[in-house]
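Trainee: Numbering follows the numbering used here, with no gaps: position 24 of the sequence shown is 24. For every residue, glycine included, the Cβ atom is placed at its ideal position computed from N, Cα and C. Predicted, not measured: the structure shown is a model, and the values here were computed from it. Handing you this structure, nothing more for now.
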Amino acid sequence: MNRRIIVGVTGASGIDVAYEVLKLIAEADGFESHLVMSDSAKRTMELECTYGQDTLEGMADVVYPNDRIESRIASGTFKTEGMIIVPCSMKTVAGISGGFSDSLLLRAADVSLKERRKLVLAVRETPFNGIHLRNMKNLWDMGADILPLMMTFYNKPETIRDMARHMACKCVERMGIDPECFKRWQTVRSAERIR
Ligand SMILES: Cc1cc2nc3c(=O)[nH]c(=O)nc-3n(C[C@H](O)[C@H](O)[C@H](O)COP(=O)(O)O)c2cc1C
Numbered sequence: 001m002n003r004r005i006i007v008g009v010t011g012a013s014g015i016d017v018a019y020e021v022l023k024l025i026a027e028a029d030g031f032e033s034h035l036v037m038s039d040s041a042k043r044t045m046e047l048e049c050t051y052g053q054d055t056l057e058g059m060a061d062v063v064y065p066n067d068r069i070e071s072r073i074a075s076g077t078f079k080t081e082g083m084i085i086v087p088c089s090m091k092t093v094a095g096i097s098g099g100f101s102d103s104l105l106l107r108a109a110d111v112s113l114k115e116r117r118k119l120v121l122a123v124r125e126t127p128f129n130g131i132h133l134r135n136m137k138n139l140w141d142m143g144a145d146i147l148p149l150m151m152t153f154y155n156k157p158e159t160i161r162d163m164a165r166h167m168a169c170k171c172v173e174r175m176g177i178d179p180e181c182f183k184r185w186q187t188v189r190s191a192e193r194i195r
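Take a look at the structure:
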């Protein structure tokens with residue numbers, strides 16, 4: 001049986017990273033993606049992306065409407081590796097932190113925590129306020145990975161897509177996928193003393 005990864009997409013900036021995450025899961029042997037998008041994610045997509053909801057949904061193995069609270073991913077009995085929320089808005093961070101599961105996406109995140117499965121939150125906001133920081137600390141204390149969508153330079157990105165892919169690699173790596181395209185940091189060998 002394939003290892004299932006739930007991918008939640010919310011209305012924060014950076015849906016291109018979700019695109020890359022879905023692509024990496026599709027390319028990985030033995031994994032499948034289960035996608036749920038918030039309404040705001042669809043709106044942000046319209047405003048930011050050159051592709052539409054259909055494109056993202058077409059890359060996932062299973063797609064769930066966010067209001068279908070009876071879906072499989074709402075139950076801990078449905079086995080998954082866990083959930084990546086990418087990009088993750090501060091509203092969704094607050095919802096998970098407060099245990100306020102009024103949508104399928106929030107419920108699936110709640111289930112990941114209660115079942116002690118991986119919950120990767122690719123948060124995106126800048127600057128953070130005290131509420132954001134408190135909620136993220138609360139979730140980190142409960143075992144979630146807080147993985148902010150930050151710009152990276154050491155991998156020498158030439159395009160925004162390079163940067164998005166790098167962050168996507170970091171997300172899927174937490175779920176046991178080791179993408180070939182992941183440019184890991186190579187230390188300056190002359191600085192190492194290898195016996
Ligand atoms: C173009 C656009 C970009 C946004 N970027 C962010 C962001 O980076 N971080 C964030 O927390 N909210 C952002 N928002 C606001 C969220 O979409 C809004 O708070 C929404 O209620 C989040 O709902 P959701 O978590 O259910 O998707 C953005 C909204 C728009 C329209």
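Of all the options R43, L22 and M151, which has the alpha carbon lying nearest to the alpha carbon of S33?
Mentor: As a working mapping, residue 33 is identified with position 33 in the sequence shown. The option with the nearest alpha carbon to S33 is L22.
Trainee: Can you pull every residue whose C-beta falls closer than 6 Å to some heavy atom of ligand 1, listed in chain order?
Mentor: In chain order, the qualifying residues are T10, G11, A12, S13, S38, S40, A41, R43, T44, L47, E48, S89, M90, K91, T92, R124 and E125.
Trainee: With distance defined between alpha-carbon atoms, name the residue in R134, S75, K170 and I160 nearest to V120.
Mentor: As a working note, residue 120 is residue 120 in the sequence shown. Taking only the C-alpha atoms, the option nearest V120 is K170.
Trainee: Cutting at 8 Å between CB atoms, please list the residues of its own chain near L104, excluding the five before and the five after it.
Mentor: Along the sequence shown, read from residue 1 onward, the residue named residue 104 stands at position 104. Cβ neighbours of L104 beyond the five flanking positions: V36, Y64, P65, N66, D67, R68, I69, S71, I73 and A74.
Trainee: Just to confirm the assignment, what range does the alpha helix (DSSP H) spanning C49 have?
Mentor: Along the sequence shown, read from residue 1 onward, the residue named residue 49 stands at position 49. First-last for C49: undefined, no H or E at that position.
Trainee: Suppose you measure from the CA of I84 to the CA of T50; what does that come to, to the nearest Å?
Mentor: Locating residue 84 in the sequence shown gives position 84, counting from the first residue. Locating residue 50 in the sequence shown gives position 50, counting from the first residue. Between I84 and T50, the C-alpha separation is close to 23 Å.
Trainee: Would N138 pass as a contact of S97 if the rule is Cβ separation under 7 Å?
Mentor: On the sequence shown, position 138 is the one that residue 138 refers to. On the sequence shown, position 97 is the one that residue 97 refers to. Their beta carbons are under 7 Å apart, which means N138 touches S97 by this criterion.
Trainee: Applying the criterion that 16 or more other CB atoms from any shown protein chain within 10 Å of the CB defines a buried residue, is A41 buried or exposed?
Mentor: The residue labelled residue 41 in the question sits at position 41 within the sequence shown. Classification for A41: buried.
Trainee: Just the C-alpha distance for I25 and I146, rounded to the nearest angstrom, thanks.
Mentor: By 1-based counting over the sequence shown, the position of residue 25 is 25. By 1-based counting over the sequence shown, the position of residue 146 is 146. Near 20 Å, if we compare the C-alpha coordinates of I146 and I25.
Trainee: Among F31, G52, V111 and L133, which one has its Cα closest to the Cα of G76?
Mentor: Here residue 76 corresponds to residue number 76 of the sequence shown, with the count starting at 1. That would be V111, whose Cα lies nearest to the Cα of G76.
Trainee: Rounded to a whole number of angstroms, what is the C-alpha to C-alpha distance between L56 and D141?
Mentor: Residue 56 sits at position 56 when you count from the first residue of the sequence shown. Residue 141 sits at position 141 when you count from the first residue of the sequence shown. Between L56 and D141, the C-alpha separation is close to 31 Å.
Trainee: Under the criterion of a Cβ to heavy atom distance below 6 Å, does D67 qualify as lining ligand 2?
Mentor: As for ligand 2, it is missing from this structure, which binds only ligand 1.
Trainee: Can you give me the Cβ contacts of T92 inside the same chain, cut-off strictly under 6 Å, excluding the 5 residues immediately before and after it?
Mentor: Counted from its first residue, the sequence shown places residue 92 at position 92. T10, listed in sequence order.
Trainee: On a Cα-Cα basis, can you pick out the residue from V17, E125 and G95 that is closest to M163?
Mentor: Residue numbering aside, residue 163 sits at position 163 when the sequence shown is read from its first letter. The shortest C-alpha separation from M163 is found at V17.
Trainee: Would R43 pass as a contact of P87 if the rule is Cβ separation under 7 Å?
Mentor: For this step, residue 43 is matched to residue 43 along the sequence shown. For this step, residue 87 is matched to residue 87 along the sequence shown. No, the pair does not count as a contact, with Cβ atoms beyond the cut-off.
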